[in-house]
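Taking it in order: structure first as structure tokens, then the write-up.
There are 2 protein chains.
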Amino acid sequence: MRRNVIVGQSGGPTAAINSSLAGVYRTAIDRGAKKVYGMLYGVEGLLSERYIDLADHIKSELDAELLKRTPAAFLGSCRFKLPEIFEDKSVYEKIFEVLDKLDIEAFIYIGGNDSMDTIKKLSDYAIVTGHNTKFIGCPKTIDNDLALTDHTPGYGSAAKYIGTSMKEIIRDSFCLAYDNGLVTIVEIMGRNAGWLTGAVALAKGEDSDGPDLIYLPEIPFDLDKFKEKVEKLLKERNSVVVAVSEGIKLKSGEYVCELGNNIDFVDAFGHKQLSGTATFLANFVAGEFGCKSRAIELSTLQRSASHAASRVDILEAYQVGGAAVKAADEGDTGKMVVLNRLSDDPYQCGTEVKDVHKIANDEKLVPRNWVDQEGTYVTNEFISYVKPLIQGDVSPIMVDGIPRHLYQPEELKCRNHKKRK
Amino acid sequence: MRRNVIVGQSGGPTAAINSSLAGVYRTAIDRGAKKVYGMLYGVEGLLSERYIDLADHIKSELDAELLKRTPAAFLGSCRFKLPEIFEDKSVYEKIFEVLDKLDIEAFIYIGGNDSMDTIKKLSDYAIVTGHNTKFIGCPKTIDNDLALTDHTPGYGSAAKYIGTSMKEIIRDSFCLAYDNGLVTIVEIMGRNAGWLTGAVALAKGEDSDGPDLIYLPEIPFDLDKFKEKVEKLLKERNSVVVAVSEGIKLKSGEYVCELGNNIDFVDAFGHKQLSGTATFLANFVAGEFGCKSRAIELSTLQRSASHAASRVDILEAYQVGGAAVKAADEGDTGKMVVLNRLSDDPYQCGTEVKDVHKIANDEKLVPRNWVDQEGTYVTNEFISYVKPLIQGDVSPIMVDGIPRHLYQPEELKCRNHKKRK
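Going line by line, the protein sequences match chains A and B.
In the working numbering, each number is its position in the first sequence, counted from 1, plus 211.
In the working numbering, each number is its position in the second sequence, counted from 1, plus 211.
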């Protein structure tokens, strides 16, 4: 590389997204990039010329190691979808003006479906206008719903945390015995795809029966059948543990979390505050069976638990970041790096680049045959798929008993960051 | 020791309670106990003669190591308060009948305030009736609210998890910038004592500003002042993170979680399901400021997260279990083992035994001067107190990417365990 690189992060935080950032930085420097800029808040920040020089933040090898262990988007993130060129050409002109000003050779964007849409549009625009910046996407999402790649960095660490926490929750749930039993409903992220929710099955092993029921959003949820299942389990066991995706829906298409609508809070701005899926179902079973019930949401903990990250995931995230820079340096553009699994056991996985036009906005769901007939548990195929992705640990760098992260850029803290200059 | 030992666990689960169990077992065997029995579900289970021989479960040194790393009460727990002798003598007669049958020399009970009440009553009864079993209490509670002991095993691991998770939540909260800012309310356990909630301040360090506001249950909560504080912070920062104890109350004595009462769900049994404190406050700030808000409950995760346990805590729990057996073997009864801190830095702490009559049912709260004037943050005294307790890690024993626990006794799973024979 002879000129500069700019990298941005987009979409929801993960425990591995900063490892990709570290990979981009390292490889860009190794390949001769003069400067590596980081967009603050993705392309949205870039539009108002918010960026940093990463060398001001990654000053040593230790800093790079800390960055790999730092959860959530180090650079800040956005959920900004580029307009179509005919809708607002000025957005494109502004972006390319900034890229020219910074003498950018490669533009790397770490994110999910929306981010790949950005890569697609910018690379198309560059080709049409004869601009020579290369645009490469780097996959990232805990949801694991990106097409064409075997899996996405971020998913493995979230799955490991979910499996570990689920196992601890199950153990906890058996401690105190209640007269009519205890039902625990654990709500996991994933609006449309059940990859994260299915990972609760990792809790199952020689030393744990695992959760009793698992409900993925891909399969319509039947409240009556759920009731029957729980009733039967409550007759046999002191504690019943159910995992549900936040996005489970009835056959009618209604979200389960909306069933409690009538009791929800409407704030002064008229926003309806939905109670969660788990809360609704916990109240439902308590009402039906007079049992004790508990709703647990893993919430943002599941996407940012760097302290329990998967080594495979963190290393692959790093590798994918490096591969993105390499691809750009070799002249690719409009591509996304994908992970290509060669075998489960021993696990072998490499990187390739694929045309981003084939990826953008396509959602990869859990195959129907990876869920059992009744739709209440994942199959062994699912487990064999996810298990290699949670292997190994990345020991946190502990300072005084708490994991250390890389200093956050000061610019992310103050208000009004997004205003265009 | 010439005869047998019986040990029980009582009250809420912790990440360290099984390390005390391992300490009791090891020391009892080393001191010559023939058998070490475990009560299933504490004294409540003992009344229906539910117990196991621990040698059937701890068969190797590796098993003992797994037990130390297994969250929640291995033996099952109870929230059973012994009646006064004049209320129901038969309960006492039944317990001592079982103790005689099992030839018990020492009765060790691992738990909090209620458990120490049990030790007090049983040791008094033994003295009055001339029975020679020794009764010793072993402190345990994540709430850290036991009197006379510097701190309680279980607290350090919970504090470490809370500090670590809070730091990850804060980092996550800064990723996406919202037009009117984001307020995250994190709810921590502790109905009356703020020891756990204060531990969120451990997130603060060179690399993190820590949470913005901390509300302990010891200090009356003022909704108007809270509103002012958040409003001011929202003008300065993209993200405001507030930690609240589940038990915060208004000056009037009303719980904050009860303020949302009117919108709560009443089930078919007439049980009112309270929305949590965090949910109420998150809805409140969204309504007041039109900001994005988020409620996170650390829920049972904070008490059972063995995967992130504190080494100091796990070792002290083990030590306290051993000290309890030693005290009984040396003839003590009606005593509780306490932790006696000699210095903060370097941290030095030993065990002693104290009269359980002085401990039972007394609740230790966070001193007023360990919270700042305004009641919205803990002071350095608090931090100096808690920091030594979260030091060091106990690496989980990982099998296929997930921490391994000791097999759970089968008896805990099936229904109707508590029925008296």
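Ideal placement from N, C-alpha and C gives every residue a C-beta, glycine not left out.
Fair warning: this is a prediction, and the values are worked out from it, not measured in the lab.
| Asked | Found |
| --- | --- |
| Can Tyr262/B be considered in contact with the ligand FMN, in the sense that its beta carbon sits closer than 8 Å to one or more heavy atoms? | Of ligands this structure carries none, so the ligand FMN is not represented either. |
| Where does Ser554/B fall in DSSP's three states? | strand |
| Give a yes or no on whether the C-beta atoms belonging to Ser510/B and Asn494/B are separated by under 9 Å. | no |
| My parser needs the beta strand (DSSP E) runs of 3 or more residues fully inside the stretch 283-344 of chain B; what are they? | 315-322 |
| Give a yes or no on whether the C-beta atoms belonging to Ile330/A and Gly348/A are separated by under 9 Å. | yes |
| Quick check on DSSP: helix, strand or coil for Phe385/B? | coil |
| Looking only at its chain, what residues have a beta carbon closer than 8 Å to the beta carbon of Tyr618/B, apart from the 5 residues adjacent to it on each side? | His268 |
| What does the alpha-carbon distance come out to for the pair Ser368/B and Asp524/B? | 6 Å |
| Under a Cβ-count criterion, where at least 16 other Cβ atoms within 10 Å of its own Cβ denotes burial, should Ala266/A be classed as buried or exposed? | exposed |
| Per DSSP, Thr562/B is paired with what? | Leu550/B |
| Hey, Gly561/B and Asn551/B are a contact pair by Cβ (cut 8 Å); roughly how many whole angstroms apart? | 5 Å |
| Using only the alpha-carbon positions, how far apart do Leu445/B and Glu255/A sit? | 21 Å |
| Excluding five sequence neighbours on each side, which residues of the same chain lie with their C-beta closer than 6 Å to the C-beta of Gln559/A? | Leu553 |
| With Ser648/A as the anchor, note down where its alpha helix (DSSP H) starts and where it stops. | Nothing about residue 648/A can be read from this structure; chain A reaches only from 212 to 632. |
| Using the beta-carbon count (16 or more within 10 Å), is Thr340/B buried or exposed? | exposed |
| Tell me the rounded alpha-carbon separation between Leu407/A and Ile399/A. | 7 Å |
| Does the count of Cβ pairs from the stretch 212-231 of chain B and the stretch 315-327 of chain B closer than 8 Å reach three? | yes |
| Going by beta carbon distance, what residues of the same chain come within less than 6 Å of Glu563/A, once the five residues before and after it are set aside? | Val549 and Asn551 |
| At a Cβ cut of 9 Å, what residues of the stretch 440-466 of chain A count as close to chain B, listed as they run along the chain? | Leu445, Lys446, Glu447, Arg448, Asn449 and Ser450 |
| If contacts are defined as beta-carbon pairs under 8 Å, then Ile434/B and Ser521/B qualify, I think. What distance do you get, rounded to the angstrom? | The displayed chain sequence assigns Leu, not Ile, to residue 434/B. With 8 Å as the limit, Leu434/B and Ser521/B do not qualify as a contact, their Cβ atoms being about 35 Å apart. |
| Hey, is Cys386/A's beta-carbon within less than 9 Å of any beta-carbon in chain B? | yes |
| Should Cys625/B go down as buried or exposed, given a rule of 16 or more other Cβ atoms within 10 Å for buried? | exposed |
| Which stretch, first to last residue, makes up the beta strand (DSSP E) that contains Asn215/A? | Asn215 to Gln220 |
| Assess contact between the stretch 581-593 of chain B and the stretch 513-520 of chain B, defined as three or more Cβ pairs (one per stretch) separated by less than 8 Å. Is contact present? | no |
| Which partner residues does Pro614/B have in the DSSP bridge list? | Met609/B |
| Please classify Gln584/A: is it buried, with 16 or more other beta-carbons within 10 angstroms of its beta-carbon, or exposed? | exposed |
| To the nearest angstrom, how far is it from the Cα of Val577/B to the Cα of His362/B? | 12 Å |
| Starting from Asp524/B, follow the alpha helix (DSSP H) in both directions and report where the run begins and ends. | Arg522 to Asp540 |
| Looking at Thr344/A and Asn324/A, is the spacing between their C-beta atoms short of 9 Å? | no |
| If you count every other CB in all the chains shown that lies within 10 Å of the CB of Ile338/B, and 16 or more means buried, which is it? | exposed |
| Taking the beta carbon of Leu273/B as the centre, do at least 16 other beta carbons fall within 10 Å, making it buried, or is it exposed? | exposed |
| So with Cβ pairs under 9 Å, would you call Pro350/B a contact of chain A? | no |
| Is any beta-carbon of chain A found at less than 9 Å from that of Ile613/B? | yes |
| Using a Cβ cut-off of 8 Å, which residues of the stretch 512-543 of chain B contact any Cβ in chain A, in chain order? | Leu512, Arg514, Ser515, Ala516, Ser517, His518, Ala519 and Ser521 |
| Should Pro224/B be flagged as near chain A, meaning a C-beta pair shorter than 9 Å? | yes |
| Could you pull the start and end residues of the alpha helix (DSSP H) that Glu439/B belongs to? | Leu434 to Glu447 |
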